[in-house]
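In what follows, a structure is listed as structure tokens, so that the remarks can point back to it.
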Amino acid sequence: MVLRQWCRWAGNYSRVIPQVEGPVSTLRPSCVKIAHMDHVTLGHRVARAREDAGIPQSKLAELVDMERTALVRAEKGERKLAMTEMVAIAEALRRPLAFFVNEPLPAVVSRRSDSARPDETSRALDDEIELFASDTRTLLDMGLLHPVKRDQEARTPHTHQDAEQLARHVRDQLDIGNEPVHHLAHVCERLGLYTYAASLGENGPDGGCVEVSHGVAVAVVNGHVRSGRRRMTLAHELGHWLCGDAYDGSPGDDHEKMIMSFAIHFLAPRAGVVKVWNEHSEWSTRDRALAVGAQFRLSWKAAVGQLKNLDLISYEVFQSLLDHEPRHGDYVRLELSWDDEPKCPYLSPGFAAACVEGYTSGRLTAARTIELLRATMTRDDLPERETESLASLRTLFAVGGD
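If you use the UniProt record's numbering, the sequence shown closes out at 402, no skipped numbers anywhere.
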């Protein structure tokens, strides 16, 4: 594809290099790829970002030094926006430039939320996923991230037994046996799924995922819901990714049940749960359930649900336990605890490392690096850059031979 590269020199968008072909990694410092997006799509994104920010057209026009009528026409797709205007609009609306100019990604799968919630919450999730996917694709193009080999023939299980078998197979592949998965996002990264725990509100959607390229996908989870629920959401999205449906936007109820079945068996395998259950045989049923939940870092609903799935408790006991959700003190009384992960904001360690490597090697500016790191680091946290050798500088700025 023929692209124009909009480069950030000294942390600011200020120079245009027209008609550059080839990977972004050939340009230094970092560049944001601007595809030839149609004016209507771009205009709609501007209007949407403006409405989300609660800024009237007249106020935005004033902030970016445009005529209001020109902005109205631009939002309708009737007027082309200049690059300098887009930079000003992005700054005024406090949105990364990539939000406006990146090509749309395929439909997001498995928005794990109550369908009765407002459209704005799902839209916020979609925006976060699209931007995170775009940034991941940029790091891939720059050679800072690398795809992971994935079974292209994998499909969604048809039965709960198949789902449990798939979970066992993935655990064997990761060599984690029947032990708890303590750093789930890191484990997902080993399988090609990068994670961002975003601020989506306590009543916001749980999460979603999308494929970026062969061997790489991204998941965004709501960092404001409880830890057990976040982990279940991420394991659920991992199931979508591994089963090869990261482009399917409407998988259906039966499909979702099978993915959920994979998720709980992946987080809490049969043999591991039975072992913990039997180790606390002198405890009450409720306390044994607390031990299982704490050991495998599950929500209360997921913990007692898995105990029922494995026939360790009856349906009546399950219902009774479910109706009496424990408090924090119930775990403390039994000396049970676990780390709250992935916290908000959180980025997969490999993604964060790629951003820092891009900065230290001179391929990303400090401003762009901080933007990619999504408030998980400040400029003062960045390490010192590598010292360029005279030979590499001569190569970088050479126009045509010595």
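Using N, Cα and C, we set each Cβ at its ideal position, and we do this for glycine too. This structure is a prediction, so every number in the text was calculated from the model and none was measured.
Q. Taking DSSP as the reference, what is the three-state secondary structure of L238?
A. Locating residue 238 in the sequence shown gives position 238, where the first residue counts as 1. L238 falls in the helix class under three-state DSSP.
Q. CB E97 to CB A53, shorter than 7 Å?
A. Counting from 1 along the sequence shown, the entry for residue 97 is found at position 97. Counting from 1 along the sequence shown, the entry for residue 53 is found at position 53. For the record, residue 97 in the displayed sequence is Leu; it is not Glu. Contact: no.
Q) Quick one: is Q306 buried, meaning 16 or more other Cβ sit within 10 Å of its Cβ, or exposed? A) Stepping through the sequence shown from its first residue, residue 306 is reached at position 306. The residue is buried, with at least 16 neighbouring Cβ atoms inside 10 Å.
Q. In terms of alpha-carbon separation, which member of G244, F262, L322 and A302 lies closest to D151?
A. To locate residue 151, count along the sequence shown from 1; it is residue 151. The residue with the shortest Cα to Cα distance from D151 is G244.
(Q) Short of 7 Å in beta carbon distance, which residues of its chain neighbour M66, apart from the five on each side in sequence? Order them along the chain. (A) Position 66 of the sequence shown holds residue 66. Excluding sequence neighbours, M66 sits near E85.
Q) Which residue or residues does DSSP assign as beta-bridge partners of V220? A) On the sequence shown, position 220 is the one that residue 220 refers to. In DSSP, V220 forms a bridge with Y196 and G208.
Q) Along the chain, which unbroken stretches of the beta strand (DSSP E) at least 3 residues long are found entirely within the segment 139–183? A) none
Q: Rounded to whole angstroms, what's the CA-CA distance from H214 to G192? Just pull it up for me.
A: By one-based count along the sequence shown, residue 214 stands at place 214. By one-based count along the sequence shown, residue 192 stands at place 192. Looking at the two C-alpha atoms, the distance is approximately 9 Å.
Q. Between N379 and A366, is the Cβ-Cβ spacing less than 7 Å?
A. In the sequence shown, the residue the question calls residue 379 occupies position 379. In the sequence shown, the residue the question calls residue 366 occupies position 366. The sequence given here has Arg at residue 379, not Asn. Yes, the pair counts as a contact, with Cβ atoms nearer than the cut-off.
Q | DSSP beta-bridge partners of S213 | A | Mapped onto the sequence shown, residue 213 falls at position 213. DSSP lists V216 as partners of S213.
Q: Could you round the C-beta distance between residue 403 and R288 to whole angstroms and report it? I think they count as a contact, below 8 Å.
A: There is no way to answer for residue 403, as the model of the chain reaches only from 1 to 402.
Q | Whole runs of the alpha helix (DSSP H) within the segment 286–317, excluding any shorter than 4 residues | A | 300–309
**Q.** Option nearest E130 by Cα separation, candidates V40, R230 and R95
**A.** Mapped onto the sequence shown, residue 130 falls at position 130. Of the candidates V40, R230 and R95, the one whose C-alpha sits nearest the C-alpha of E130 is R95.
Q. With a CB to CB cut of under 6 Å and the five nearest residues on each side skipped, what residues in its chain are close to S227?
A. Taking the sequence shown and counting its residues from 1, the one referred to as residue 227 is at position 227. Same-chain partners within the cutoff: D340.
Q) Short check: CB of A197 to CB of V221, under 7 Å? A) Counted from its first residue, the sequence shown places residue 197 at position 197. Counted from its first residue, the sequence shown places residue 221 at position 221. Their beta carbons are under 7 Å apart, which means A197 touches V221 by this criterion.
Q) Per DSSP, what kind of secondary structure is L81 in: helix, strand or coil? A) Locating residue 81 in the sequence shown gives position 81, counting from the first residue. DSSP places L81 in coil when its eight states are reduced to three.
Q: Keeping to the same chain, check which residues put their C-beta closer than 8 Å to that of H328; ignore five residues upstream and five downstream.
A: Along the sequence shown, one-based indexing puts residue 328 at 328. There are no such residues.
Q) Roughly how many whole angstroms lie between the Cα atoms of A167 and D254? A) Within the sequence shown, numbered from 1, the residue matching residue 167 stands at position 167. Within the sequence shown, numbered from 1, the residue matching residue 254 stands at position 254. Each residue's alpha carbon lies about 18 Å from the other.
Q: List the endpoints of the continuous alpha helix (DSSP H) containing W277.
A: As a position in the sequence shown, residue 277 is number 277, starting the count at 1. Residues R270 to E279.
Q.
Once the 5 residues before and after T233 are set aside, which same chain residues still bring their CB inside 6 Å of it?
A. Against the sequence shown, residue 233 aligns to sequence position 233. The residues are R112, D206, G207 and V221.
**Q.** Candidates A302, T41 and N278, of which the one nearest A74 by Cα
**A.** The sequence position of residue 74 within the sequence shown is 74, counting from 1. Closest by alpha carbon: T41.
(Q) Does R368 pass the burial test, meaning 16 or more other C-beta atoms within 10 Å, or should it be called exposed? (A) Within the sequence shown, residue 368 is the residue found at index 368, counting from 1. Classification for R368: buried.
Q | Which residues DSSP lists as bridging L347, in chain order | A | Numbered from 1 along the sequence shown, position 347 holds the residue referred to as residue 347. Answer is Y196, bridged to L347.
Q.
Tell me the residue span of the alpha helix (DSSP H) that contains M258.
A. The sequence position of residue 258 within the sequence shown is 258, counting from 1. Element bounds for M258: D253 to L267.
Q: Buried or exposed for T138, please, with buried defined as at least 16 other CB atoms from any protein chain shown within 10 angstroms of its CB.
A: The residue given as residue 138 occupies position 138 in the sequence shown. T138 is buried by the Cβ-count criterion.
Q.
Can you tell me whether C243 is helix, strand or coil according to DSSP?
A. Here residue 243 refers to the residue found at position 243 of the sequence shown. Coil at C243, not helix or strand.
Q.
Please return the same chain residues whose Cβ sits closer than 7 Å to the Cβ of P326, not counting the five positions on each side in sequence.
A. Counting from one through the sequence shown, the residue named residue 326 turns up at place 326. Around P326: L290 and W300.
Q) Run through DSSP, which three-state label would L60 get? A) Numbered from 1 along the sequence shown, position 60 holds the residue referred to as residue 60. Three-state DSSP puts L60 in a helix.
Q: Work out the CA separation of A352 and H186 for me, nearest whole Å.
A: Taking the sequence shown and counting its residues from 1, the one referred to as residue 186 is at position 186. Taking the sequence shown and counting its residues from 1, the one referred to as residue 352 is at position 352. Cα to Cα, the separation comes out at about 12 Å.
Q. For the 8 Å Cβ check, are there 3 or more pairs between the segment 154–174 and the segment 255–269?
A. yes
Q: For the alpha helix (DSSP H) containing D65, list its first residue and its last residue.
A: By 1-based counting over the sequence shown, the position of residue 65 is 65. No alpha helix (DSSP H) holds D65; DSSP gives it neither H nor E.
Q. Which residues in the same chain have their Cβ closer than 8 Å to the Cβ of V148, if we skip the five residues on either side of it in sequence?
A. Stepping through the sequence shown from its first residue, residue 148 is reached at position 148. Contacts found: R190, L191, G192, G215 and V216.
Q | M232 (DSSP reduced to helix, strand or coil) | A | Position 232 of the sequence shown holds residue 232. It is helical.
Q.
Less than 7 Å between the C-beta atoms of F100 and R50, yes or no?
A. Here residue 100 is taken as the residue at index 100 of the sequence shown, counted from 1. Here residue 50 is taken as the residue at index 50 of the sequence shown, counted from 1. It is not a contact, given that the beta carbons lie outside the stated cut-off.
**Q.** Nearest-angstrom Cα separation, counted from S134 out to V332
**A.** For this step, residue 332 is matched to residue 332 along the sequence shown. For this step, residue 134 is matched to residue 134 along the sequence shown. V332 and S134: Cα-Cα distance of roughly 42 Å.
Q) Does the Cβ-Cβ distance between C355 and L382 come in under 7 Å? A) Your numbering for residue 355 matches position 355 in the sequence shown. Your numbering for residue 382 matches position 382 in the sequence shown. Not in contact: C355 and L382 (Cβ atoms no closer than 7 Å).
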